Amino acid sequence: MVVYEDESEQWFRDVLENHEEEARQRAFSLVEEGHTDENGCIVTPTAYPRKVIFHGRQTYAYRFIHCVLEGEIAGRDQVVRHRCHNRLCINPAHLALGTQADNKRDDWENWAGGVDFDFL
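First residue of the sequence shown? That's 1 in UniProt numbering, and the numbers climb one at a time after it.
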């Protein structure tokens, strides 16, 4: 059986199989550059979500950090959700891989009842 991987999956697989140690060091250095706010979010000093270039590909820092540190291969149709609802957050404990539908459901639950910080 042939399994189709999109470009994102191919790139993350290559990173995790061939450059894992370098990628982990880069992910940890990105986290160390951030500062922790009052909600436990590790945020970047940027106005928009930080991006990172690694081995010829640019991606959001939070996506890179989650996939590298959790060893998960994210496809183009998957998103890294911020359970804290702060798009600037790169705290690995606040990030989870899911679908766009999961992300929307998170938004609806947040609007209805606010962030559940006990979940983080």
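All residues carry an ideal CB built from backbone N, CA and C; glycine is no exception.
Note that the coordinates shown come from a computational prediction; the quantities given were computed from them, not determined experimentally.
In this structure A47 is exposed. Its beta-carbon is surrounded by fewer than 16 other beta-carbon atoms within 10 angstroms. Restricting attention to I65, E33, H35, the CA atom closest to the CA of F12 is found in I65. Nearest C-alpha to T59 among K104, G34, R76, H19: R76. By the neighbour-count criterion, in which a residue is buried when 16 or more other Cβ atoms sit within 10 angstroms of its Cβ, A27 is buried. In the three-state scheme derived from DSSP, where H, G and I count as helix and E and B as strand, L97 is classed as strand.
Annotation for L69: A27, P92 place their beta carbon closer than 6 angstroms to its own, counting only its chain and skipping 5 residues before and after.
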